[in-house]
Amino acid sequence: MPEVEIENKAIAQEYKELLRISYQTLTPEDKKLIRKAFDVAVDAHKDQRRKSGEAYIFHPISVAKIVAYEIGLGATAIAAALLHDVVEDTPITIEDIDRMFGAKVAQLVEGLTKISIVQKEMNVSMQAENFRKMLLTLNDDVRVILIKIADRLHNMQTLDDMEDYKQVKIASETLYIYAPLAHRLGLYKIKNKLEDLGLKYTEPAIYNDIVSKIKETKEEQDAYIKDISDILTATLDEEKLDYIIKGRPKSIYSIYRKMKAQGVGFDEVYDKFALRIVYKSKPHDEKFLAWKIYSIVTDHYRPSPSRLRDWISSPKTTGYEALHITVMGPKGRWVEIQIRSERMDEIAEKGYAAHYKYKQGGSGSEDSGLDAWLNLLKEALENPETNAVDFVEDFKMNLYSKEIFVFTPKGEIKSLPKGATSLDFAFSIHSEIGIRTRGTRVNGKLVPLNHELKSGDQIEVITSQYQKPTANWLDYVTTSRAKNKIKNVLNENTKKIAEEGKEILTRKLRHLKITMSESVVNELVNFFKLKTSLDLFYRVGVGAIENQQLKDYATQKSNTFINFFKSKIKRSSSTVNEDIHKQVISSNYDMLVFGVDHDKLDYKLSSCCNPIPGDEVFGFITINEGIKVHKKDCPNAISLQSNYAYRIILAKWIDSSQQEFKAILHITGMDTIGLTNKLTKVISDNMNVNIQSISLSGEAGIFNGQIAVIVQNNTILKRLIDNIKKIDGIEKVVREYKN
Numbered sequence: 012m013p014e015v016e017i018e019n020k021a022i023a024q025e026y027k028e029l030l031r032i033s034y035q036t037l038t039p040e041d042k043k044l045i046r047k048a049f050d051v052a053v054d055a056h057k058d059q060r061r062k063s064g065e066a067y068i069f070h071p072i073s074v075a076k077i078v079a080y081e082i083g084l085g086a087t088a089i090a091a092a093l094l095h096d097v098v099e100d101t102p103i104t105i106e107d108i109d110r111m112f113g114a115k116v117a118q119l120v121e122g123l124t125k126i127s128i129v130q131k132e133m134n135v136s137m138q139a140e141n142f143r144k145m146l147l148t149l150n151d152d153v154r155v156i157l158i159k160i161a162d163r164l165h166n167m168q169t170l171d172d173m174e175d176y177k178q179v180k181i182a183s184e185t186l187y188i189y190a191p192l193a194h195r196l197g198l199y200k201i202k203n204k205l206e207d208l209g210l211k212y213t214e215p216a217i218y219n220d221i222v223s224k225i226k227e228t229k230e231e232q233d234a235y236i237k238d239i240s241d242i243l244t245a246t247l248d249e250e251k252l253d254y255i256i257k258g259r260p261k262s263i264y265s266i267y268r269k270m271k272a273q274g275v276g277f278d279e280v281y282d283k284f285a286l287r288i289v290y291k292s293k294p295h296d297e298k299f300l301a302w303k304i305y306s307i308v309t310d311h312y313r314p315s316p317s318r319l320r321d322w323i324s325s326p327k328t329t330g331y332e333a334l335h336i337t338v339m340g341p342k343g344r345w346v347e348i349q350i351r352s353e354r355m356d357e358i359a360e361k362g363y364a365a366h367y368k369y370k371q372g373g374s375g376s377e378d379s380g381l382d383a384w385l386n387l388l389k390e391a392l393e394n395p396e397t398n399a400v401d402f403v404e405d406f407k408m409n410l411y412s413k414e415i416f417v418f419t420p421k422g423e424i425k426s427l428p429k430g431a432t433s434l435d436f437a438f439s440i441h442s443e444i445g446i447r448t449r450g451t452r453v454n455g456k457l458v459p460l461n462h463e464l465k466s467g468d469q470i471e472v473i474t475s476q477y478q479k480p481t482a483n484w485l486d487y488v489t490t491s492r493a494k495n496k497i498k499n500v501l502n503e504n505t506k507k508i509a510e511e512g513k514e515i516l517t518r519k520l521r522h523l524k525i526t527m528s529e530s531v532v533n534e535l536v537n538f539f540k541l542k543t544s545l546d547l548f549y550r551v552g553v554g555a556i557e558n559q560q561l562k563d564y565a566t567q568k569s570n571t572f573i574n575f576f577k578s579k580i581k582r583s584s585s586t587v588n589e590d591i592h593k594q595v596i597s598s599n600y601d602m603l604v605f606g607v608d609h610d611k612l613d614y615k616l617s618s619c620c621n622p623i624p625g626d627e628v629f630g631f632i633t634i635n636e637g638i639k640v641h642k643k644d645c646p647n648a649i650s651l652q653s654n655y656a657y658r659i660i661l662a663k664w665i666d667s668s669q670q671e672f673k674a675i676l677h678i679t680g681m682d683t684i685g686l687t688n689k690l691t692k693v694i695s696d697n698m699n700v701n702i703q704s705i706s707l708s709g710e711a712g713i714f715n716g717q718i719a720v721i722v723q724n725n726t727i728l729k730r731l732i733d734n735i736k737k738i739d740g741i742e743k744v745v746r747e748y749k750n
C-alpha cells in the first residue's frame, strides 16, 4: 500500500477516534460542524509537514482530541481546535472562517491566532506581555485559553524533534506560565502532564533518574496499595457502597519538587502515591457518603489531623471538590487518600470547563467562583500602571497559592489566597476601602494590618478619610491587587515629594559651593548607593538624607582630585608587570567559555545559586552587570529561560585548577559522642578542602552544623559530601545555594 494511502487511512482513523472519545454528547449538527472543520483543516494543511516528518494535520487533530476528551469541551471548541492554525499558516482568513462556520468559531480561532502572532513578535519582556495579552482573551471566551493549553500539551508531547535550546525555552515557558494556568482553571491532569514534560526537557538527568526509580519500586508500591485496598474494600462492601479504589502515583514533578524543597533523595520522599476512592451517589447524599467513607478509613488507619482538607464544604474557586486525608498506613508510612463522588471526579479530571456554562446557556450558581476570578483578573489586566513582569510574577504566585475562606461583618464569605493579611482583605472589598484603612479587627480583636488571616476569621475594616498608604504597606500585603493599588498611590505621592526634594537639594548644594548638574546627581546616586535620581530627590524631600551626609559627599568630591594623581602614579609603576603577567593570569583564571564558539568573556557568578566549577551552568546577559552565570537548577532558571530566552547564552567550564570557591554545607544528625571529632577529621582528610568557618550545636539529642569549606570544583565537593554522609549518626548534608 502506497505511503500516501497509509497516511490518509491513519488520518481518517484519528477523526473517528475524535468523535468516539468526545466527552460531550454530540448531536448530528455537532458532527456536521466537526466534519466540515476537519475537511477544511485537512485541505488547508495538505502540503505541510512537522519537523518529525509526519503530516501537519495530525497536530490539530491531536489538539482537538485533548479538547474533546481531556478538557471535555463541545463541538464549537473542537471545530476551533481543528482550525486553530489555518489562519496563521494558510491563505484562509478569519472572514472565511466566519462565513463557513459562524461567528463563535471565528472568534475562538481569531483569539488563538492573536496569541500565536504575539508569541512570534516577542522582544523585551516578551513573555510577560504575551502572558498578559493571552489572559485578556479570557474576558471574551475562556475556551481560547483552554484550546491554547491543549495546543501546548501536544507541542510538549512532540518536542523530541526540536533543537536542544528550543526544547529548554519551550519547556521553561510551559513550567512558568501554562502549568500554573492549567492548575488555576482546574485542569489538574493536564497540569501534571505539562509539569512532568517540562521537567523532562529542563532537567533531563533528574527526570530520567526519577522515572527509572519509580519503575524499580512499582511492584513494591502496587503490593502496598493492594494491602490497604483489600482492608478498606471489606468494610466498604459491608456498607453496600458503590465505589472504585484507584492507586495513583504522584507526578514526577511533584516528587522532584519535594526532593528539592526538603533536600532529600528519592527514597526519603514517603508519599509518592495516593489512593482515590470514587463513589456513586445521588446529589443530596454526596456529602453524607463522603464523611461516611472518611469514618471507615479512619477506623482502620490513624489520620494526621493537620492534613485533613475539606473541599466539599468549601470547594476551591476552580470548582474542585474532595476530601483529602493523610493516614498512617502499614509499615509506618503516610498515605494520602482522596474521597470524591463521580461528579467531583469529573470536575477534577476535566476541570471547571467541563461544567462551565457559556453566556448563551445562562449562568448558574456553580459559575460564580470562576466568574468572580475572571472579574478580578480583568481588573488586574486593565491596570495601565502594572509592569508586565511584576504582573506575571504576582499572578503566578497567586495561581499556585492555597485558599482560605473568611467572613465580612455581615457574614458574607470571601475567598483569599493562603497567607493573605487583614489589609489584603480590605483591598479585596474595594480599592478605596483599602487605601483608607486605618485599622482592622479580626474576630472582634484589634490586630495589626499585616495580621495573617486564617479560614473562618471574621474581619471588620476601620477606615478614615485622612488615611493614606505608606511604603511599609507593600510588606503588609500578599495579593497582587493590593500591591498594585498601593504602588499606584505611592508613585503619585513619590513624584510630588521628589519635585520638592530636587529644589531642596539644589539649595543645599549651593551652600556647599557645588552646582547641581547631571554628573553631580549621578555621583550622589552612587554615593548613597541608590538606583535612580528619583530615589535621591525623594529621600531629600522626606528628610532621609541629612546635611552631614551631603558634607561628607562634598569632602569626598574635593579629595577625588588628589586620589586621581595618586592612582596615576601607582598605575604607571605597575604597568610593566601588568603587561608581563596579563596573559598568564587570564589563561589560568578564565574559567568559562560562552556560546557555540566557546568565546572567552567577562562574567560574574550569580549570588542566588553560587555556581562552582563542575556545576552545569548557563549565562544570562543582564542590562547593567554584564553576563551573570547561574546553575541550570537555580531557583530563578525557569523564570529567566522563559521570560528572557533571547538573553540566555550557553556556558561551559574549561579550567578549574587555579581558583577556589566557597560552599556552605548544612549538616543534621543524632548528637552522638565524638561526632564533632569524626566530622572535622573527615573534612581535614579530604585533599584540596579547607575549612573557612564551622558552627556546630546540639540540642535535645539533635546535632546541627554549618560548615563553610573552600574547594576547587564540584567533584571535590561531591566527594566530601559523600564522605560526610558515611559518618555514623549523620542524617542529612545539604549544600546552601543562597547567600
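Once you know that position 187 of the sequence shown is 198 in the working numbering, the rest is easy, because the numbers rise by one and skip nothing. Where a beta carbon is used, it is the ideal one built from N, C-alpha and C, also for glycine.
Whole-angstrom C-beta distance between E81 and I105, which should lie under 8 Å: No, I105 and E81 are not in contact; Cβ-Cβ is about 27 Å, not under 8 Å.
Report the three-state DSSP secondary structure of S704 (helix, strand or coil). Shown here, S704 sits in a strand according to DSSP, grouped into three states.
Whose C-alpha, out of K542, L170, L731, F629, is nearest the C-alpha of K642? Check the Cα spacing between K642 and each of K542, L170, L731, F629: the tightest is with F629.
Beta-carbon separation of D162 and V74 under 7 Å? In terms of Cβ geometry, D162 and V74 form a close pair [threshold 7 Å].
From this set, R61, I72, Q35, which residue's C-alpha is nearest V53's C-alpha? Of the candidates R61, I72, Q35, the one whose C-alpha sits nearest the C-alpha of V53 is I72.
Just tell me which of I288, G276, P341 has its CA closest to the CA of H335. For H335, the closest C-alpha among the options I288, G276, P341 is that of I288.
Residues in its own chain within less than 6 Å of E471 by CB, not counting five upstream and five downstream? P420, R452.
Have a look at the DSSP bridge pairing and note the partners of T751. With the chain covering 12 to 750 only, the question about residue 751 has no answer from this structure.
Among T337, I713, V280, T328, nearest to P316 - alpha-carbon criterion: Closest by C-alpha distance to P316, out of T337, I713, V280, T328, is T337.
Please state if the CB of K663 and the CB of V604 are separated by a distance shorter than 7 Å. Yes.
Identify every run of the alpha helix (DSSP H) within the stretch 271-347, keeping only runs that are complete inside it and at least 4 residues long; order them along the chain. Counting only runs of 4+ residues, the alpha helix (DSSP H) found wholly inside the stretch 271-347 occupies 297-311, in chain order.
Where does the unbroken beta strand (DSSP E) through K642 begin, and where does it stop? In the DSSP assignment, K642 falls within the unbroken beta strand (DSSP E) covering 638-642.
Leaving out five residues before and five after Y564 in sequence, what residues of the same chain have Cβ atoms less than 6 Å from its Cβ? Cβ within range, chain order: F538.
Just the Cα atoms here: how many angstroms apart are K204 and S262? Taking the straight line from one Cα to the other gives about 8 Å.
Look up E627 in the DSSP assignment and say whether it is helix, strand or coil. Coil at E627, not helix or strand.
Less than 7 Å between the beta carbons of A482 and G552, yes or no? No. Outside cutoff.
DSSP three-state label for T432, please. The three-state reading of DSSP puts T432 in strand, counting E and B together.
Close Cβ partners of L535 (< 6 Å) along its chain, the five nearest in sequence each way excluded: Taken in chain order, the residues that qualify are L547.
Does P646 come out as helix, strand or coil in the three-state DSSP assignment? The three-state secondary structure of P646, taken from DSSP, is coil.
Simplified DSSP assignment, three categories, for P480: DSSP places P480 in coil when its eight states are reduced to three.
Tell me whether Y254 sits in a helix, a strand or coil according to DSSP, three-state version. Residue state, collapsed to three classes: strand.
Grab the span of the alpha helix (DSSP H) containing R447 for me, first residue to last. Careful: R447 lies outside any alpha helix (DSSP H) and carries neither H nor E.
Going by beta carbon distance, what residues of the same chain come within less than 7 Å of K200, once the five residues before and after it are set aside? Only E81, E360 meet the Cβ criterion.
Please confirm if the stretch 642-654 is in contact with the stretch 679-696, defined as three or more CB-CB distances below 8 Å between the two stretches. No: the two stretches stay apart, fewer than three of their Cβ pairs being nearer than 8 Å.
Buried or exposed by the 16-neighbour rule on C-beta atoms within 10 Å, applied to Y417: For the record, residue 417 in the displayed sequence is Val; it is not Tyr. That one is buried.
Please name the residue, chosen from G274, T679, L464, that lies closest to K413 on a Cα-to-Cα basis. Closest by alpha carbon: L464.
Express the C-alpha separation of P459 and G450 in angstroms, rounding to a whole number. Taking the straight line joining both Cα atoms gives about 7 Å.
On the criterion of 16 or more Cβ atoms from any shown chain inside 10 Å, does S63 qualify as buried, or is it exposed? By the neighbour-count definition (other C-beta atoms within 10 Å, threshold 16), S63 is an exposed residue.
Give the secondary structure of H555 by DSSP, where H, G and I count as helix, E and B as strand, and everything else as coil. It should be pointed out that residue 555 corresponds to Ala in this sequence rather than to His. The three-state reading of DSSP puts A555 in coil, since its state is none of H, G, I, E or B.
Which residues in the same chain have their Cβ closer than 7 Å to the Cβ of A86, if we skip the five residues on either side of it in sequence? So the qualifying residues of the chain are L37, D41, L44, I45.
DSSP three-state label for P39, please. Looking at P39 - three-state DSSP - the assignment turns out to be helix.
Neighbour-count burial assignment, F672, 16 or more Cβ in a 10 Å radius: By the neighbour-count rule (16 or more Cβ atoms within 10 Å), F672 is buried.
Nonlocal neighbours in the same chain, by C-beta distance under 8 Å from K542, ignoring five residues either side: For K542, where only same-chain residues beyond five positions count, the Cβ hits under 8 Å are V536.
Taking C-beta to C-beta, are G330 and I358 nearer than 7 Å? A contact, by the Cβ cut-off of 7 Å.
Output needed for I732: all residues of its chain with C-beta closer than 8 Å, excluding positions within five of it in sequence on either side, in chain order. Residues of the same chain with a CB within less than 8 Å of the CB of I732, apart from the 5 flanking positions on each side, are L676, V744, R746 in chain order.
Is it buried or exposed for P102, if we count other Cβ within 10 angstroms and need 16 for buried? Answer is exposed; the Cβ neighbour count stays below 16.
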